[in-house]
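K.L.:
Here it is, the structure in full.
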Amino acid sequence: MITEEELKELIGTPFPGGTYTIEPYVNWLTCECVLASELATSGAAHPLLVYMAGQAGIGLTLDELFALCRASSDDGPMLGEWGMTVHRPLQVGGEYAVSGRITDAVRKTGKKTGVFDVVRFDIELCSTVGMDTAEPDALLHSSFIYPRRG
Numbered sequence: 214m215i216t217e218e219e220l221k222e223l224i225g226t227p228f229p230g231g232t233y234t235i236e237p238y239v240n241w242l243t244c245e246c247v248l249a250s251e252l253a254t255s256g257a258a259h260p261l262l263v264y265m266a267g268q269a270g271i272g273l274t275l276d277e278l279f280a281l282c283r284a285s286s287d288d289g290p291m292l293g294e295w296g297m298t299v300h301r302p303l304q305v306g307g308e309y310a311v312s313g314r315i316t317d318a319v320r321k322t323g324k325k326t327g328v329f330d331v332v333r334f335d336i337e338l339c340s341t342v343g344m345d346t347a348e349p350d351a352l353l354h355s356s357f358i359y360p361r362r363g
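Read in order, the letters of the sequence shown correspond to residues 214 to 363 in this note's numbering.
In structure tokens, the structure reads:
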């Protein structure tokens, strides 16, 4: 099991990053799945794509993200809290530079669950075209909960 000291050392770890392009068919499928088909042709991507683009664009698969946190899918990690701030709606067809880092890591103990770690991270999405601004188009705040056994 990862020690509490090793857990704290994760704070500040950057993700490799990358880019994500919001394909029209992905936006259409997302809108259809959440019963918001009227949004599919607006030009703006469905807000759920902030999460999808952020997670897909950090340069790590989920297995790699879990391994970074000294866990695996077999350990049963769970999505914790997540939220977003959208400064400018993401655009269908838009390409976004994605960057992020681990911002917090806390060990907790529950009566039923035993020892678990909550690892929080922030992800920024910035248009790769024509935006010269200090603030990203969107911010994603998320966490995973890692049960620790043994």
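Note that the Cβ used here is the ideal one computed from N, Cα and C, for glycine as well.
What is the residue span of the alpha helix (DSSP H) that T243 lies within?
P.N.:
237–246 is the span of the alpha helix (DSSP H), which, as asked, contains T243.
K.L.:
I need the straight-line Cα distance from G327 to K321, nearest angstrom please.
P.N.:
Cα to Cα, the separation comes out at about 8 Å.
K.L.:
Can you list, in chain order, the residues of its chain with a C-beta nearer than 7 Å to that of S340? Leave out the 5 residues immediately preceding and following it.
P.N.:
Excluding positions up to five away in sequence, the list reads G307, Y309, D350.
K.L.:
G272 by DSSP, collapsed to three states: which one?
P.N.:
Coil at G272, not helix or strand.
K.L.:
Starting from the C-beta of F279, find all residues in its chain whose C-beta is less than 6 Å away, skip the five residues before and the five after it, and write them out in chain order.
P.N.:
Answer for F279: S285, P290, listed in chain order.
K.L.:
Is DSSP giving E348 helix, strand or coil here?
P.N.:
E348 falls in the coil class under three-state DSSP.
K.L.:
What first and last residue would you give for the beta strand (DSSP E) that runs through K325?
P.N.:
Element bounds for K325: n/a, residue is neither H nor E.
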